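A.B. asks: Attaching a single structure in structure tokens format; questions to follow.
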Amino acid sequence: MLNKFNKIIHNENYRFFKFIFSLRYLITVFLISIVVFLSVPVFFNYEKKAKIIKSHLLENYEFKISNHEKIEYNIFPLPNLELNNAQIHFEPFEEKLNVKKVKIYLDLLNIYNYKNFNTKKIILKESELSLQISNLNFFLEKLFYQKNKFNFDNLNIKLINKKNAVITLYNIKFANFGYNKNLIRGEVFSKHFKIKIGDIHKNINFKLLNSGISADINFDENQRKNLKTGIIKSKILNTNIKSNFEFDGNILKIFNSFLRNKNLYLRNKSEITLNPFLDINSEILIEEFNTKILRKLDLVKLLQFKDFLRKINIKSEINHKPQKFSNKFFDDLNLKIDLAYGRMDYLKILSSKNETIKCMGNINFLDDYPLLFFDCNLIAENKREFLKKFFIKIKNKNGNIELQVKGNLSVLNNKINIKNISTKDGYEASKEDLKYFKHAFEKILFDKNFLNIFDLKKIKEFIIEIS
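Listed below in structure tokens is the structure:
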């Protein structure tokens with residue numbers, strides 16, 4: 069009985085395995101057919117189809133292929149056409165995107181049928197683009213509002229103003245589909261950054277990784293044509309910044325802006341023109357200011373950005389009124405600066421009830437050893453009260469001070485050249501006096517760095533020395 073049961077089982081298994089083994093021929097034929105189907109296009113001459121391919125890219129992606137070396141067909145990882153060393157032209161501006169490889173992933177149903185040519189996605193690998201800042205807004209719209217699937221893999225963008233390079237972004241990766249949809253990654257200033265764009269393009273989140281710098285941009289719901297408006301909130305280390313903005317592709321207006329940290333609180337209103345030159349006009353009101361932060365400034369590092377200083381124009385007016393009950397040296401500060409092509413002209417006025425200090429001059433940051441030229445006037449109606457601010461007491465009768473000083477400072481070498489010192493009562497410093505004042509100034513005030521000359525304790529010491 070048991071033998072009969074085993075025989076039945078073996079007979080059933082035999083029939084099943086016989087069916088499976090009979091399918092191996094069908095499966096083999098099927099696999100061979102797929103391989104042949106996918107491989108035969110390798111032998112096609114796609115240059116004859118170049119016109120159809122270019123027309124499809126222009127119609128569906130608005131990518132105008134103005135030049136390429138050759139078109140190849142690849143089976144892996146999925147069937148695709150590859151255009152080598154292609155140039156893509158974005159109408160109407162003249163800049164061309166140079167792409168090492170344009171990979172066009174095909175719909176399997178269209179591998180042989182080019183009358184209804186269609187693509188699933190395209191990938192642009194190892195691209196280079198030099199872009200005028202004035203065309204940046206147009207280029208971004210080409211990316212963000214692209215309906216068909218595309219991917220930038222290692223894009224380098226150099227933003228230029230006329231012929232001058234302003235900033236370069238490296239190794240940018242961006243896709244408008246998949247897991248990393250609307251996520252931009254890249255490098256700037258040797259730092260990696262990440263930008264996340266909201267699905268309806270109303271929010272942009274920016275992070276400069278491992279730097280403490282981040283920003284959120286929220287666009288207004290109702291946008292006027294060719295005008296972007298909204299609010300930007302950013303954080304730079306322990307500093308918070310918030311402002312409204314308007315951008316028409318050429319002029320960026322910043323208003324209702326404030327910057328706050330534990331040492332500084334200011335309000336700002338600026339207008340940044342991108343074309344024909346990068347030009348910045350700003351009005352800054354400083355409401356709180358801790359002078360100790362000046363000690364942390366490093367002029368040597370600042371002067372390393374000469375190329376950047378050469379490319380921007382800045383006109384700015386800065387005003388500051390110390391708090392009413394602070395230990396103040398002055399009541400009002402007004403500073404106007406005009407920076408163009410690396411040269412800065414300035415006018416600074418410090419004023420209080422009975423004193424006014426006015427300095428004007430210029431400095432060329434592009435020089436190897438920049439000289440700060442100055443022409444300063446001091447008017448103090450009450451000499452005794454003025455010197456009390458430096459904790460200096462005098463016994464002689466009170467009077468006024470009217471003093472003019474001209475010269476220049478070498479901000480890196482800690483040297484001063486005093487050309488003239490004169491007072492209203494007729495005193496004019498002799499060569500010996502100027503030499504003595506120079507020695508005392510460099511010994512006491514200029515013994516460490518440029519910012520050290522604003523130390524009130526050292527100013528007191530200097531005044532006592534020359535008195």
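Residue numbering for the sequence shown is 69 to 535, as defined by the numbering used here.
From the three backbone atoms N, C-alpha and C, an ideal C-beta is built for every residue, glycine too.
All values derive from a computational prediction rather than experimental measurement.
Taking Y504 as part of the alpha helix (DSSP H), name the residues at either end of that continuous run.
C.D. replies: The residue you call residue 504 lines up with position 436 of the sequence shown. Y504 -> alpha helix (DSSP H) spans 499-508.
A.B. asks: Nearest CA to the CA of N381: which residue from V368, F323, E339, T359?
C.D. replies: Taking the sequence shown and counting its residues from 1, the one referred to as residue 381 is at position 313. Answer by Cα proximity: E339.
A.B. asks: Tell me whether the region 516-532 and the region 369-377 touch, counting them as touching only if at least three CB pairs, one residue from each stretch, are closer than 8 angstroms.
C.D. replies: No, they do not touch.
A.B. asks: Below 8 angstroms on the Cβ atoms is my contact criterion, and I expect I263 with F274 to pass it. Report the Cβ-Cβ distance as a whole number of Å.
C.D. replies: Here residue 263 refers to the residue found at position 195 of the sequence shown. Here residue 274 refers to the residue found at position 206 of the sequence shown. The Cβ separation is near 5 angstroms, so the contact holds.
A.B. asks: On the three-pair Cβ rule with 8 angstroms, is the region 399-416 touching the region 359-373?
C.D. replies: Segments in contact, no.
A.B. asks: Could you give the first and the last residue of the continuous alpha helix (DSSP H) run that contains Y247?
C.D. replies: For the purposes of this step, residue 247 is taken as the residue at position 179 of the sequence shown. Segment: none, Y247 is in no alpha helix (DSSP H) and carries neither H nor E.
A.B. asks: For F218, which residues from the same chain have a beta carbon less than 6 angstroms from its beta carbon, with the 5 sequence-adjacent residues on both sides left out?
C.D. replies: Taking the sequence shown and counting its residues from 1, one reaches residue 218 at position 150. Result list for F218: I190, in chain order.
A.B. asks: Measure how close the beta-carbons of I172 and L208 come, nearest whole angstrom, since I'm counting them as under 8 angstroms.
C.D. replies: In the sequence shown, residue 172 corresponds to position 104, counting from 1. In the sequence shown, residue 208 corresponds to position 140, counting from 1. Actually they are not in contact, since the Cβ atoms of I172 and L208 sit about 23 angstroms apart, beyond 8 angstroms.
A.B. asks: Provide the residue span of the beta strand (DSSP E) that contains L455, from first to last.
C.D. replies: On the sequence shown, position 387 is the one that residue 455 refers to. No beta strand (DSSP E) holds L455; the alpha helix (DSSP H) holding it covers 451-456.
A.B. asks: Do you know offhand how far N222's Cα is from K169's?
C.D. replies: Stepping through the sequence shown from its first residue, residue 222 is reached at position 154. Stepping through the sequence shown from its first residue, residue 169 is reached at position 101. Cα-Cα distance, rounded: 11 angstroms.
A.B. asks: Under 6 angstroms Cβ to Cβ from F161, same chain only, skipping five residues before and after it: list those, please.
C.D. replies: In the sequence shown, the residue the question calls residue 161 occupies position 93. Once the five neighbours on either side are set aside, the close Cβ partners of F161 are N203.
A.B. asks: Under three-state DSSP, which class holds Q291?
C.D. replies: Taking the sequence shown and counting its residues from 1, the one referred to as residue 291 is at position 223. It is coil, neither helix nor strand.
A.B. asks: Note down, in chain order, each residue of its chain lying with its Cβ closer than 7 angstroms to the Cβ of Q291, except the 5 sequence neighbours on either side.
C.D. replies: As a first step, residue 291 is located in the sequence shown; it is residue number 223 there, counting from the start. Contacts found: T297.
A.B. asks: Just grab the DSSP bridge partners of T236 for me.
C.D. replies: On the sequence shown, position 168 is the one that residue 236 refers to. K226.
A.B. asks: Could you check whether D316 and L332 sit closer than 8 angstroms to each other, using their CB atoms as the reference points?
C.D. replies: Here the question's residue 332 lines up with position 264 in the sequence shown. Here the question's residue 316 lines up with position 248 in the sequence shown. The answer is no: Cβ separation not under 8 angstroms.
A.B. asks: Could you tell me which whole beta strand (DSSP E) segments of length 3 or greater appear in the region 368-410?
C.D. replies: Fully enclosed beta strand (DSSP E) runs of 3 or longer: 381-388, 400-408.
A.B. asks: Looking only at C-alpha atoms, which of I252, I319, N349, L502 sits nearest to K487?
C.D. replies: What you label residue 487 is simply residue 419 of the sequence shown in a count that begins at 1. Cα-wise, what sits closest to K487 is L502.
A.B. asks: Rank K457, N306, N430, K337 by C-alpha distance to the C-alpha of L320 and give the top, closest one.
C.D. replies: Numbered from its first residue, the sequence shown carries residue 320 at position 252. The option with the nearest alpha carbon to L320 is K337.
A.B. asks: Counting C-beta neighbours from all protein chains within 10 Å, is the total for A233 16 or more, i.e. buried, or is it exposed?
C.D. replies: Here the question's residue 233 lines up with position 165 in the sequence shown. It counts as exposed.
A.B. asks: DSSP three-state call for Y114: helix, strand or coil?
C.D. replies: For the purposes of this step, residue 114 is taken as residue 46 along the sequence shown, with counting starting at 1. Helix at Y114.
A.B. asks: For the region 130-140 against the region 151-166, are there 3 or more C-beta pairs whose distance is under 8 angstroms?
C.D. replies: As far as the Cβ criterion goes, the region 130-140 touches the region 151-166, which means the pair count is three or higher.
A.B. asks: Going by DSSP, what residue range makes up the beta strand (DSSP E) through F518?
C.D. replies: Here residue 518 refers to the residue found at position 450 of the sequence shown. F518 -> no beta strand (DSSP E), and no H or E assigned at all.
A.B. asks: Assign P145 to buried or exposed, taking buried as 16 or more other Cβ atoms, counted over all protein chains shown, within 10 Å of its Cβ.
C.D. replies: Translated into positions along the sequence shown, residue 145 becomes position 77. When all chains shown are included, P145 counts as exposed.
A.B. asks: For the alpha helix (DSSP H) that K526 lies in, which residues bound it at each end?
C.D. replies: Position 458 of the sequence shown, counted from the first residue, corresponds to residue 526. 524-534 is the span of the alpha helix (DSSP H), which, as asked, contains K526.
A.B. asks: Work out the CA separation of K364 and I512 for me, nearest whole Å.
C.D. replies: Residue mapping note: residue 512 aligns to position 444 of the sequence shown, counting from 1. Residue mapping note: residue 364 aligns to position 296 of the sequence shown, counting from 1. Going by the C-alpha atoms only, they are around 20 angstroms apart.
A.B. asks: On the criterion of 16 or more Cβ atoms from any shown chain inside 10 Å, does F522 qualify as buried, or is it exposed?
C.D. replies: As a first step, residue 522 is located in the sequence shown; it is residue number 454 there, counting from the start. By the neighbour-count rule (16 or more Cβ atoms within 10 Å), F522 is not buried but exposed.
A.B. asks: Following the continuous alpha helix (DSSP H) through E209, name the residue where it begins and the one where it ends.
C.D. replies: Locating residue 209 in the sequence shown gives position 141, where the first residue counts as 1. Note, E209: alpha helix (DSSP H), 204-212.
A.B. asks: From which residue to which residue does the beta strand (DSSP E) around S490 run?
C.D. replies: The residue labelled residue 490 in the question sits at position 422 within the sequence shown. Where S490 is concerned, the enclosing beta strand (DSSP E) stretches over 483-491.
A.B. asks: Would you report the Cα separation of T424 and I354, rounded to the nearest angstrom?
C.D. replies: Within the sequence shown, residue 424 is the residue found at index 356, counting from 1. Within the sequence shown, residue 354 is the residue found at index 286, counting from 1. Roughly 19 angstroms between the two C-alpha positions.
A.B. asks: Please work out which residues of its chain come closer than 6 angstroms, Cβ to Cβ, to I309, disregarding the five sequence neighbours upstream and downstream, and give them in chain order.
C.D. replies: Locating residue 309 in the sequence shown gives position 241, where the first residue counts as 1. Cβ within range, chain order: S302, L327.
A.B. asks: When burial is assigned at 16 or more other CB atoms within 10 Å of the CB, is I121 buried or exposed?
C.D. replies: By 1-based counting over the sequence shown, the position of residue 121 is 53. I121 comes out buried.
A.B. asks: Give the DSSP-derived three-state secondary structure of E159 in the structure shown.
C.D. replies: The residue labelled residue 159 in the question sits at position 91 within the sequence shown. The answer is coil: DSSP assigns E159 none of H, G, I, E or B.
A.B. asks: Starting from the C-beta of K474, find all residues in its chain whose C-beta is less than 6 angstroms away, skip the five residues before and the five after it, and write them out in chain order.
C.D. replies: Position 406 of the sequence shown, counted from the start, is the residue given in the question as residue 474. If we look at K474 and ignore the five residues flanking it on each side, its Cβ neighbours are D443, K487, N488.
A.B. asks: Kindly indicate which three-state DSSP category L126 falls into: helix, strand or coil?
C.D. replies: Residue mapping note: residue 126 aligns to position 58 of the sequence shown, counting from 1. L126: helix per DSSP, three-state reduction.
A.B. asks: Quick check on L524: buried or exposed, where buried means 16 or more other Cβ atoms within 10 Å of its Cβ?
C.D. replies: The sequence position of residue 524 within the sequence shown is 456, counting from 1. Per the 10 Å Cβ criterion, exposed.
A.B. asks: Please report how far the alpha carbon of S123 lies from the alpha carbon of K193, in whole angstroms.
C.D. replies: Mapped onto the sequence shown, residue 123 falls at position 55. Mapped onto the sequence shown, residue 193 falls at position 125. Between S123 and K193, the C-alpha separation is close to 21 angstroms.
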